[in-house]
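Everything below concerns the one structure shown next.
Protein chains: 2
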Amino acid sequence: MSIVERLAALRHLMQQHQIDYYFIPSSDAHQNEYVPDAWQRRAWFSDFTGSAGDVLVGLQDAYLWTDGRYFLQAEQQLDMSHFTLMRQQQGLAAPIDQWLGEQKTALRVGVDPTVLTMRQAQRMQTALSAHGGDLVAIAENLVDAMQSDLPVLPRHPITVLAGEQMGASAQEKIARLRQSLQGRGDAWVETALDNIAWLFNIRGQDIDYIPLTIAYALVTYDQAVLFIELDKVGAAQQQQLAEQGITVKAYDDFAAALQSLSGTVCLDAGMASWWVQQHVAQAELHVQLSPITSMKACKNPVEIAGMRQAHKQDAVAVIQFLSWLEREWQGQTEISAAAKLASYRKAQPGEQGPSFATISGYGEHGAIIHYFVTPETDIPLGNDNLYLVDSGGQYTCGTTDITRTVHLGEPTAEHKKYYTLVLKGHLAMRHLTFPHGASGVHIDMSARQFLWQHHVDYGHGTGHGVGCYLCVHEGPQRISPGLIHQPLQEHMIVSNEPGLYLPGKFGIRIENLCLIQKVAEQADSASQHGPFYQMDDLTLVPYARDLLDFDLLTAQEIEWIDAYHQRILETVLGDLDADTQAWLQTACAPLHS
Amino acid sequence: MSIVERLAALRHLMQQHQIDYYFIPSSDAHQNEYVPDAWQRRAWFSDFTGSAGDVLVGLQDAYLWTDGRYFLQAEQQLDMSHFTLMRQQQGLAAPIDQWLGEQKTALRVGVDPTVLTMRQAQRMQTALSAHGGDLVAIAENLVDAMQSDLPVLPRHPITVLAGEQMGASAQEKIARLRQSLQGRGDAWVETALDNIAWLFNIRGQDIDYIPLTIAYALVTYDQAVLFIELDKVGAAQQQQLAEQGITVKAYDDFAAALQSLSGTVCLDAGMASWWVQQHVAQAELHVQLSPITSMKACKNPVEIAGMRQAHKQDAVAVIQFLSWLEREWQGQTEISAAAKLASYRKAQPGEQGPSFATISGYGEHGAIIHYFVTPETDIPLGNDNLYLVDSGGQYTCGTTDITRTVHLGEPTAEHKKYYTLVLKGHLAMRHLTFPHGASGVHIDMSARQFLWQHHVDYGHGTGHGVGCYLCVHEGPQRISPGLIHQPLQEHMIVSNEPGLYLPGKFGIRIENLCLIQKVAEQADSASQHGPFYQMDDLTLVPYARDLLDFDLLTAQEIEWIDAYHQRILETVLGDLDADTQAWLQTACAPLHS
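The listed protein sequences correspond, in order, to chains Z and E. Residue numbering for the first sequence follows our numbering, beginning at 1 and increasing consecutively. Residue numbering for the second sequence follows our numbering, beginning at 594 and increasing consecutively.
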């Protein structure tokens, strides 16, 4: 179907349902970052494939809202004669609600209630009702209804992991969840797949890049129930779950289970769908951030050890790749280089595939922040511009995410200047000491300050949380200009990834994952503040020494780089072949020699 | 009346009105920072004199909520056997609402509706109604009702200023206000005294420290009305106002004028009182930040020139004081030194008195962030600890606010270390380049980073807006960890005042006022960001060179200090007597000699 046909078909259905607009967000019933094909309604409908972007179709007009990461991509993929691109700014309130509120007429906006969170539904309803309009739940997804052969949802078998491997048994985690519910309510409804995977120590293969299984969970003081397609759970797995006090029921039984709940039901309004809310009609609702999200964010000692192990292995793969790249780049393209990197990772024990779609961007492609190379866009690597690679791996012991930017020939003064400014911010963030209570918004400028000094900036956040053998983007914490109260805590893992993008020229990003560690107790603070925290690098891959502009680096920064490179040598060198060892020794040789 | 008698009398009245709690905020009908004596209900009732703090009295219990600046002072002034001190944390939601929400019973809370903003009333009502409670407007102020001889409100004559003196006529300002109302509503209701003074180019003497007159204003497309006690406006002033299209009516006529409004009335829910809202019952309300607040925040060229002039004169006074202090400190006390500083200011042309109550704190008194010296607390200055003076002046051309910390003998290594760390933050903020769109929260850490590195911090914001011959604390912008979306803009004035407080030992604060200036256009940004801004110092008084720890200063910082001191010499030296000139030349001599 062409876009014209798709618009016509949808508008026909809209008229049948007597609605003025139909809302097609990028999200699915579980608010997955990587939405299964069967639930990719927005991408299928609009041709825009970015991970964030919501479509609103009217009888005459159509809009796509997306953020700074995707402006370029949206302009390329969207049929701009039919869609208006709504450029969303970071750190501001959801502009669809605002836009709806500004339409000073009574509008009926339809939506599939499974793909909208409770909070989104409430905001849209508030905006619409200000002018007598209404948000209309339409049980049948109208985009699905237009398709004759819908892709089917994946149904892969699950694995149940031992408590020792995860640092805590499912039983212990469920007990902690119940403890946190005390005095708040009678049940916890969990709809986020990574929270379900963490809580029950299960993993699946239903979602690209992340070892998740499609399921719901319901925990009361008596019961812990996993709602899942029953053919995904073998007899052995069912037994393992039963030993942890977990009952398995069919995925489709969830609706009836919700309807039978009474008392006070706790759920996360930013994750649970409007459909869930409509089904918990008999109970009172208590809305809060999922306690599982909070518990999962602060890693336990086994998870920390696992993340360090994963990063050591990942460093071996990425260092092999960088060493190979320097020798063998000629004749390679963005796609073939990414494939080579994947092959190095695959050789590592416990590797389970990439943790997200590799961004492999040469030259001006590096300036497209979330560039996804396709055969149509693929270009050969060269030695007269920068090459940016953002990639990560899933390992059974942890998850990695690393960006390195390199130059395979003689970098220009401009390349060096901007690479060094990005690196200075990356180092400042890594070495910043910050107090308990600080949220990401309070330290974000640490990574931007040197760029600002040179009148440049980057249009994305500086860091995101990361799961352990789970999602590469994990909440609740993040480091960005968003005005979000979510204090950074000890043993959270965050990325540290400042960048710089010169459209049409090149992009730079330098990303490590870091563990937040305590460096001082409040009792030791002369002004009685704190405790104080600092980040420690998990990632162990050298920076690009030929891209350093030494006029811009302080002695302190050079010392930091040398100490990091020394640590890489000490940790990784022994695991490399002789050729790669030689490359790493050169890459990590002290700078102040 | 003792506190026991006051509590008993209030509780008696509360029972008559059938309320469970009575709320006594520190605020008055105009949300003045400096509340006239007649409206100082909270201080009169509780004995706590800090500028921020709200009291809630129950039939058995009583509470004071205040923030980190006032914890020490509240502990000293409050009778802790009758009050519970509720320690409020910066950047978090108003905790009275939260507390009310947590009392899981239907409470009736009484309040005088004139002293509560619409927004506060709404929040408290929401919290109370969750458990079936109610916020009850009681027209008579119960604290006033307990007093036999209430102080009367001041009624000083007003001055009408010429448009040339203020950079724009009242007529022009009213026209800009009307323009900003287009499409939003039919009238603007203004209750903030500084906004009224700015809009109508009038000044008064009703409020301590700030040249304001108690009044209300109402602007429609036809009319601009000043509601004010008529005996404060002479015939000449009435004529001057009429020439600008401003009608004068009696202060008490405001209630009837509000009641007669129809259509859509615009007001600032964070400033206008619940009483105002109750009186605009016939009209629809449109709630927004006052456009006057936004207009006033960005200074015009005449205001900027006036502020520079005021700071030049203020520098002369403060430099004379510091020079005198170094020679004559023996035998002086916190009070006598503050008086001497005031006398130097008074000698300056156009000086109109202090812009706030001087903080003059020696040694451990410096650690009380908003210390107000009284004859009971006054102590002699010495030469073995730090002395902190935070003061400012009102001049007819502008308003100043400066803090300097000095040592009159041999500072210890600890004094130098912490002074230098505070100064490094102050310099980093002053020289930070930041992009358009950044709010104060995004740059606040610039001033804290070096303190954090040494595991210390300060419990107040880094900067506030400042008016021109108006309030020394002016919105909407501020620089603090508060999660507030209020981008810093060109030609705003902000203070830059990091500090450090070691309870029982000493306090350090270094404060300059700065003008935000554009340093780069977006068109000149390689990444298409910006425009970019930087602060420029208005304040022109040297830092304490004997408190510098050179091991902690970079070459760049020393250069910045020297450049600042050189600029002081160039601007101020000619206005000083010979003795003070010699002192200033020593104080400003280059550091890298």
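Glycine is no exception: its CB is placed at the ideal position from the N, C-alpha and C atoms.
Proximal chain E residues relative to residue i, where beta-carbon distance stays under 8 Å
i	result
Y501 of chain Z	S1120
S446 of chain Z	M1038, Q1042
Closer than 8 Å to chain Z by CB, residue i
i	result
M1128 of chain E	no
Y1051 of chain E	yes
Residue burial classification, residue i (beta-carbon count within 10 angstroms, cutoff 16)
i	result
F532 of chain Z	buried
R327 of chain Z	exposed
D845 of chain E	exposed
P375 of chain Z	exposed
E521 of chain Z	exposed
D231 of chain Z	exposed
F1143 of chain E	exposed
Q76 of chain Z	exposed
Y221 of chain Z	exposed
K424 of chain Z	buried
D579 of chain Z	exposed
P894 of chain E	exposed
T105 of chain Z	exposed
S853 of chain E	exposed
A582 of chain Z	exposed
S81 of chain Z	exposed
Chain E contact for residue i (CB, 8 Å cutoff)
i	result
A520 of chain Z	yes
Partner residues on chain Z for residue i, Cβ-Cβ distance less than 8 Å
i	result
W1207 of chain E	Residue 1207 of chain E lies beyond the residue range present for chain E, which begins at 594 and ends at 1186; the question has no answer from this structure.
V1034 of chain E	V441, H442, L483
Same chain only: Cβ atoms within 8 Å of residue i, ignoring 5 sequence neighbours per side
i	result
L600 of chain Z	Missing from the structure shown is residue 600 of chain Z; chain Z here goes from 1 to 593 and no further.
T600 of chain Z	In the structure as shown, chain Z starts at 1 and stops at 593, and residue 600 of chain Z therefore has no counterpart that could be examined.
R184 of chain Z	T264, C266, H286, Q288
Closer than 7 Å at the beta carbon, the chain Z residues around residue i
i	result
D1117 of chain E	H455
Same chain only: Cβ atoms within 7 Å of residue i, ignoring 5 sequence neighbours per side
i	result
I839 of chain E	A763, F793, A817, L819
M1085 of chain E	A890, C891, G1058, Q1070, I1109
D378 of chain Z	T333, E334, I335
Contact set for residue i: own chain, Cβ-Cβ below 6 Å, skip 5 residues either direction
i	result
T993 of chain E	A903, H904, D907, G985, G986
I1013 of chain E	Looking at the sequence shown, residue 1013 of chain E is not Ile but Thr. L1141, D1142, L1145.
W791 of chain E	K889
Neighbour flag for residue i against chain C, beta carbons, 8 Å
i	result
P498 of chain Z	As a matter of chain content, chain C is missing from the structure shown, whose protein chains are Z and E.
- Task: Would you mind listing the alpha helix (DSSP H) stretches within the region 1076 to 1110 of chain E that are 4+ residues and don't spill past its ends, in chain order?
- Result: Within the region 1076 to 1110 of chain E, no complete alpha helix (DSSP H) run reaches 4 residues.
- What alpha helix (DSSP H) runs, 4 residues minimum, are completely inside the region 1124 to 1183 of chain E? Those alpha helix (DSSP H) runs which fall completely within the region 1124 to 1183 of chain E and span 4+ residues are 1148 to 1165, 1171 to 1180.
- Task: Please specify which runs of the beta strand (DSSP E), each continuous and at least 3 residues long, are wholly inside the region 685 to 721 of chain E, giving them in chain order.
- Result: Within the region 685 to 721 of chain E, the complete beta strand (DSSP E) segments at least 3 residues long are 701 to 704, listed from N- to C-terminus.
- Message: Could you tell me which whole alpha helix (DSSP H) segments of length 4 or greater appear in the region 810 to 856 of chain E?
- Response: Taken in chain order, the complete alpha helix (DSSP H) segments of 4 or more residues contained in the region 810 to 856 of chain E are 828 to 836, 847 to 852.
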